[in-house]
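Have a look at the structure below, then the notes.
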Amino acid sequence: MNQMINNKNYSFRRQLMIFLIAAIALLSLVSSTVSSWIALHQSGQVLEKNALQIADHFSKQSVLALLTRSEDNAESALSQVMGFADVTGGAIFADTQQALFVKGEIQPDQAKLADWLSSPKPTIAVDARDYWIITSPVILEDDRETFTEFALSQTHTQQLLGFVMIQVSKSSIVQLTQQLFSYTIGIGIVFALLCLWLLNIGLRRIIDPIRALSATMKAAQDSGAHTYAEISGPQEVHSIAQSYNAMMAALEAQEKRLKELNTSLESEVEIRTKELTHARDTALVAVRTQSEFLANISHELRTPLQAVMGYIDLVVEELNEQGMYDQVSDLEASLSAANRLLTLINSILDLAKCEAGKTELVLTETPLKRLTKETEAIIRPLAVRNSNTLTIHLPDNDSILLIDKEKTQQILLNLLSNACKFTKAGTVELHIDLQDETVKFAVSDTGVGIAADKLESIFDKFSQGDGSVKRRYGGTGLGLAISKHFAEMMNGSIHVSSAQEQGSLFTLTLPKQVTFKNSLTMGSSEDQKG
């Protein structure tokens, strides 16, 4: 039964009803069986006792018949005993165990007769399924008083005249058994129905509050509302309902607090967003102002500096004509410093244009080999200065590129000049690889290399390997940043791989046919939107 109930999703009330019905039915069956057995046992004892008394009475009624051997007397005695409802037969035996008179359904077994008639008192000789055979001795008792010279004496004598035998049917017991069984079953059923009726009333008082609480919980689950339960029913259900209501109250208070916090947070986020937007706009304005200032001041510095450099060139020519070579060396040092300063100003000016979003592409059809040769002519003296070997690997076939020649050449010059600057008595190589849609420029060297933790920031503005590199090799840290920006403007990219003391490899990838797109700035995407 437990397995059957566990396999089905019965309600609590139904499961409890099943258990209680089974318990009441079992109790009724056991009580009815026990009651019937006790009643039958007691009834059997009573009937057995009555049968023995009938046999004893029959033996007393048969004394005259045995003394006179009269059939009339025997018939009279047999008729009296046969008058009892359960007696179905009777017989009278002489003391020699010879049957004198037999009447009814009794059939003495001659082979067992001696054993049956051996008892000195009424006894059950045969206990069959449907009847009893009871035997009793017939004794003539004689009490005599004798008078003597001195006293009166009394003597008691017994004489065995014969035996009587009766057959008693058990039909009354069977009928009584059926009646008792019917009565007990009926009473048990009535008792069970009464118990179930009372149980149903009691269960309703217990289950209905639980079902109402369950329905309230289900409604709260489906609707999401804070539905409170009615407190009713037994004490345990009271406690459950009170706990549920307390939980609902806590959830309601928590939800209210969360709404308040959410409202406060939204207001705070809105305020912070406005502040951040204002700060961003202010920063963008400051960056543009700075870039415009740098562009203007660089222009203002470059114009007089170029005039100074032109004047120095004229003076150097005149001094050379006059043979004043000592003064020429001093002026050439000044001219070198001026060239370096002009390069720095040009880098700052390019950076300012990039940040201000004023850099534009000028796309022209450029032969790859001519671009490479012009670049090689500019960079080879720098390679020779540091005793480096410069090797250019060109593809067999030339290709016409649609690119911004000036910016592409500036990128290549930045990469190659860095390779020559950071390599002493080593090798600098430029590998050019033509693919279906792109062209790759790979610049490799055997120089000092770059530390692994510096690779991610190598393309940032004013970024160099470390302070010692800047002190030893010089530079502003703007070349790679500007080169990366120019490459992205042409829908290209620059990647680097390097290891310290093993050299570096910079790979520039550009489309063969560059298409126009919006100018990029050196800032973030938010800067671009501004």
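Position 364 of the sequence shown, counting from 1, maps to 363 under numbering that gives the first Met the number 0, and the rest follow consecutively. In this text, a Cβ means the ideal position worked out from N, Cα and C, and glycines have one as well.
Q. Nearest to L63 by alpha carbon, out of I91, M81, A22?
A. For the residues I91, M81, A22, the minimum Cα distance to L63 belongs to I91.
Q) To which residues does DSSP link G502 through a beta bridge? A) Looking at the DSSP output, G502 sits in a beta bridge with A498.
**Q.** Rounded separation between L570 and T272 - CA only
**A.** No answer is possible for residue 570: the residues shown for the chain start at 0 and end at 529.
Q) How many Å lie between L19 and G201 at the Cα? A) When rounded, the distance between both Cα atoms is 12 Å.
Q. Leaving out the 5 sequence neighbours to the left and right, which residues in its chain are closer than 6 Å to A93 when beta-carbon positions are compared?
A. Close CB contacts of A93 within its chain, under the 6 Å cut and outside five residues either way in sequence, are with L99, G161 (chain order).
Q.
Can you tell me whether H494 is buried or exposed? The criterion is at least 16 other CB atoms within 10 Å of its CB, across all chains shown.
A. When all chains shown are included, H494 counts as exposed.
Q. Who are the near neighbours of Q512 in its chain, counting only those whose CB is closer than 6 Å to its CB and skipping five residues on each side?
A. Closer than 6 Å at Cβ, skipping near neighbours: L401.
(Q) On the DSSP letters alone, give me the boundaries of the alpha helix (DSSP H) that K420 sits inside. (A) 404-420 is the extent of the alpha helix (DSSP H) around K420.
Q. Can you name, in chain order, every residue of its own chain whose Cβ lies under 6 Å from the Cβ of S61, other than the five neighbours on each side?
A. The beta carbon of S61 lies closer than 6 Å to those of A76, I91, V137, V163 in the same chain, with the five residues before and after it left out.
Q. By DSSP, does V315 sit in helix, in strand, or in coil?
A. Residue state, collapsed to three classes: helix.
**Q.** 7 Å CB neighbourhood of A218 in its chain, flanking five on each side removed
**A.** Within the same chain, A218 has close Cβ partners T226.
Q. How big is the Cα-Cα spacing for D444 and E428?
A. For D444 and E428, the distance between alpha carbons rounds to 6 Å.
Q: State the CB to CB distance for the pair I133 and A84, rounded to an integer number of angstroms; the pair is presumed to be in contact (CB under 8 Å).
A: The beta-carbon separation of I133 and A84, rounded to 15 Å, does not stay under the 8 Å limit for a contact.
Q) Which residue from P119, V167, P121 puts its Cα closest to that of D129? A) Considering only P119, V167, P121, the residue with the shortest C-alpha distance to D129 is V167.
Q. Does the region 478-496 touch the region 368-381, meaning 3 or more C-beta pairs lie closer than 8 Å?
A. No, the region 368-381 is not in contact with the region 478-496.
Q: Check the C-beta distance from V307 over to L330 and give it rounded, since I have them as a contact under 8 Å.
A: That belief does not hold up - the Cβ atoms of V307 and L330 are roughly 11 Å apart, past 8 Å.
Q. Below 8 Å, can you find three or more Cβ-Cβ pairs linking the region 359-370 to the region 398-413?
A. Taking 8 Å as the limit for Cβ pairs, the verdict is that the region 398-413 does touch the region 359-370.
Q: Using three-state DSSP, classify R470 as helix, strand or coil.
A: Here R470 scores only 48 on pLDDT, less than 50, and its place in the model is too uncertain to base an answer on.
Q: Taking only the alpha-carbon atoms, compute the straight-line gap between I399 and L412 and give it to the nearest angstrom.
A: Approximately 20 Å between the Cα atoms of the pair.
Q. Taking buried to mean at least 16 other C-beta atoms within 10 Å of its own C-beta, is I165 buried or exposed?
A. Burial of I165 is indicated by the presence of at least 16 other C-beta atoms within 10 angstroms of its C-beta.
Q.
Taking 6 Å as the limit between beta carbons, can you name the residues of its chain near R470, skipping five residues before and five after?
A. Low confidence applies to R470: its pLDDT is 48, below 50, so where it sits in the model is not reliable, and the reading given next is rough at best. Excluding residues within five positions, none has a Cβ falling inside 6 Å.
Q | Where the alpha helix (DSSP H) through F180 begins and ends | A | Its alpha helix (DSSP H) spans residues 170-222.
Q) P380 lies in the alpha helix (DSSP H); which residues open and close that run? A) 367-384 is the span of the alpha helix (DSSP H), which, as asked, contains P380.
Q) How is L509 classed by DSSP in three states: helix, strand or coil? A) In the three-state reduction of the DSSP assignment, L509 falls in the strand class, which pools E and B.
Q. Just curious, the beta strand (DSSP E) that F458 is in, first and last residue?
A. Where F458 is concerned, there is no enclosing beta strand (DSSP E), given that its DSSP letter is neither H nor E.
Q: May I ask which residues mark the beginning and end of the beta strand (DSSP E) holding S69?
A: Where S69 is concerned, there is no enclosing beta strand (DSSP E), given that its DSSP letter is neither H nor E.
Q: Keeping to the same chain, check which residues put their C-beta closer than 7 Å to that of I230; ignore five residues upstream and five downstream.
A: Here the set comprises H237, A240, Q241.
Q. Which whole-angstrom value describes the C-beta separation of L304 and L348, a residue pair presumed to lie in contact below a C-beta threshold of 8 Å?
A. Going by Cβ atoms, the distance from L304 to L348 rounds to 12 Å, so no, they are not a contact pair.
Q. Is the distance from the Cβ of G448 to the Cβ of Q499 below 7 Å?
A. Closer than 7 Å, so yes.
(Q) Suppose the cutoff is 6 Å on Cβ atoms and the five residues either side in sequence are ignored; what does the same chain contact list for A73 look like? (A) Within the same chain, A73 has close Cβ partners A64, I91, F100.
Q | Bounding residues of the beta strand (DSSP E) (the contiguous stretch that carries K552) | A | A question about residue 552 goes unanswered here, because the residues of the chain that appear run from 0 up to 529.
**Q.** Closest by C-alpha distance to L179, when choosing among S30, I123, L260, L370
**A.** Comparing alpha-carbon positions, the option among S30, I123, L260, L370 lying closest to L179 turns out to be S30.
Q | From E235, L250, S27, residue whose alpha carbon lies closest to that of A224 | A | Cα-wise, what sits closest to A224 is L250.
Q) What are the partner residues of M164, as DSSP defines its beta bridges? A) Answer is A90, T134, bridged to M164.
(Q) Buried or exposed for W36, going by 16 or more other Cβ atoms inside 10 Å? (A) The residue in question, W36, is exposed, as its Cβ has fewer than 16 Cβ neighbours within 10 Å.
Q. If you compare alpha carbons, which of Q109, I105, A450 is closest to A127?
A. When each option's Cα is compared against that of A127, the closest is I105.
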